[in-house]
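Last residue of the sequence shown: number 185 in this note's numbering, and the count goes up by one each step with no gaps.
Take a look at the structure set out below.
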Amino acid sequence: MTVIKIITRINAPRQCVFDLSRNIDVHQQPASPTHETAIDGITSGLINFNETVTWRGKHFGVYLKHKSRITAMNVYDYFVDEMEEGHFKSFRHEHFFTEKNGLTIMKDKIYYEVPYGVFGKLFDYLFLKNHLLNFLLQRNKTLRTLAEKQ
């Protein structure tokens, strides 16, 4: 299993950052290089506990679909999305939010497994982990910019 952990500091209230993080429209902004769009389930606005979204995006030159469900949520503290359908063996993204003196600390933890045995692990090591890390960093940069403007 591969794990990616990122901490992002945002000069904005936790409630604002939490809501921007689960906003489908906001998610599609940093995803523009991959042409990622929500095509089923919740396709606009805020996604909530037990709701799903199916994404379609171009990664590594191929259009892929990824369906996630919000499997846990404690409003303004954390939420978890987990893959229901897609090209990973498993995929879980945990989002945590804390605030101190108006500064929000957003922690992302992604846990995933790739299929295809040793070939999948090699692809993950050489390309996939870095691709996901850069995708997440770009997303968080967009979240920070939007949150700090409000």
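Yeah, the Cβ is synthetic: ideal placement off N, Cα and C, and Gly gets one too.
Roughly how many whole angstroms lie between the Cα atoms of residue i and residue j?
{"i": "LEU138", "j": "PHE53", "result": "13 Å"}
{"i": "HIS101", "j": "ASP143", "result": "18 Å"}
{"i": "GLN50", "j": "GLU183", "result": "12 Å"}
So, residue i versus residue j, is the Cβ gap smaller than 9 Å?
{"i": "GLU71", "j": "TRP90", "result": "yes"}
{"i": "ASP116", "j": "SER103", "result": "yes"}
{"i": "ILE23", "j": "VAL38", "result": "Summary: the structure shown does not reach residue 23, with the chain confined to residues 36 through 185, and so no result is reported for it."}
{"i": "THR43", "j": "ARG179", "result": "yes"}
{"i": "GLU148", "j": "MET36", "result": "yes"}
Considering only the alpha carbon of each residue, which of the options lies closest to residue i?
{"i": "GLY96", "options": "GLN185, LEU178 and LEU163", "result": "LEU163"}
Return the chain-ordered list of same chain residues with a C-beta closer than 7 Å to the C-beta of residue i, the five sequence neighbours on each side being excluded.
{"i": "ARG57", "result": "LEU81, ILE82 and PHE114"}
{"i": "GLU134", "result": "PRO48 and ARG49"}
Taking the continuous alpha helix (DSSP H) assigned at residue i, which residues delimit it?
{"i": "GLU71", "result": "Counting along the chain, GLU71 falls outside any alpha helix (DSSP H), and DSSP gives it neither H nor E."}
{"i": "ASN175", "result": "164-184"}
Apart from the five residues just before and just after residue i, which ones in its own chain have a Cβ nearer than 8 Å to its Cβ?
{"i": "GLN63", "result": "GLU71, THR72 and ALA73"}
{"i": "ASN85", "result": "ARG104, ILE105 and THR106"}
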